[in-house]
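The structure under discussion appears below in the form of structure tokens.
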Amino acid sequence: VDFMSFHTAVELHNKAGIAWAVGAPFFLFWLLITGQWSHYIPTSRQFFATARYYAWDIFLGKDHPFEKSETEKHNPIQRIAYLSLFLFIGPVQIVSGLIYLQWREVGLEVLGLRNVAFLHIVFAFAVLGFAIVHVYMITTGKTLFEYVRSMVTGYKESAH
């Protein structure tokens, strides 16, 4: 059963990629003007406790060692993951996609289309992995969808 034609899939993919490329600078601008950029600077505070929690303690029903606040919205592992996405994975994905889309027109045949495609696919899997983990993390609250609102809005409701 065909879900969509190859041509339609390519067009959808290209439009999504262009939306990603156009949206990224706006997101960066928003981070800078609102001061939200500070939530993404890596820290070692409670890094190992947070890693132990995700590797083991979460499955034992223990409480998360990191308490979010207005000044610290992300734990140390989230900070590294988001910063990697914003500064490395996303830009490589965007640039390799743009090169792949226009590689002959911009004179980059020397890179080799296979190399550009390989890089683009590797980083596509990194984005996919990030998305899968992100969706999984929604389910790790005390209730199945406790974290949905905070993932959508960026703010966790207070316990009061």
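Counting in my numbering, the sequence shown runs from 57 upward without gaps.
Built from N, CA and C at the ideal position, the CB exists for glycine as well.
For Thr199, which residues from the same chain have a beta carbon less than 8 Å from its beta carbon, with the 5 sequence-adjacent residues on both sides left out?
none
If you draw a straight line from the alpha carbon of Val191 to that of Leu169, how long is it in whole angstroms?
32 Å
Does the distance from the CB of Gln149 to the CB of Val189 come in under 9 Å?
no
Nearest CA to the CA of Ser152: which residue from Asn171, Arg135 and Tyr138?
Asn171
Under the assumption that Tyr109 contacts His95 (Cβ atoms under 8 Å), give the Cβ distance between them as a whole number of angstroms.
Wrong, their Cβ atoms sit about 19 Å apart, outside the cutoff.
If Ile133 and Ala107 are in contact, beta carbons under 8 Å, what's the gap, nearest whole angstrom?
6 Å
Val178 versus Ile145: straight-line alpha-carbon distance, rounded:
10 Å
DSSP three-state call for Tyr109: helix, strand or coil?
helix
Could you have a look at Trp159 and say whether DSSP puts it in helix, strand or coil?
coil
What did DSSP end up calling Phe79 once you bin it into helix, strand or coil?
A small correction: the amino acid at residue 79 is Gly; Phe does not occupy that position in the sequence shown. Looking at Gly79 - three-state DSSP - the assignment turns out to be helix.
Nearest CA to the CA of Phe85: which residue from Phe142, Val66, Phe122 and Thr127?
Phe142
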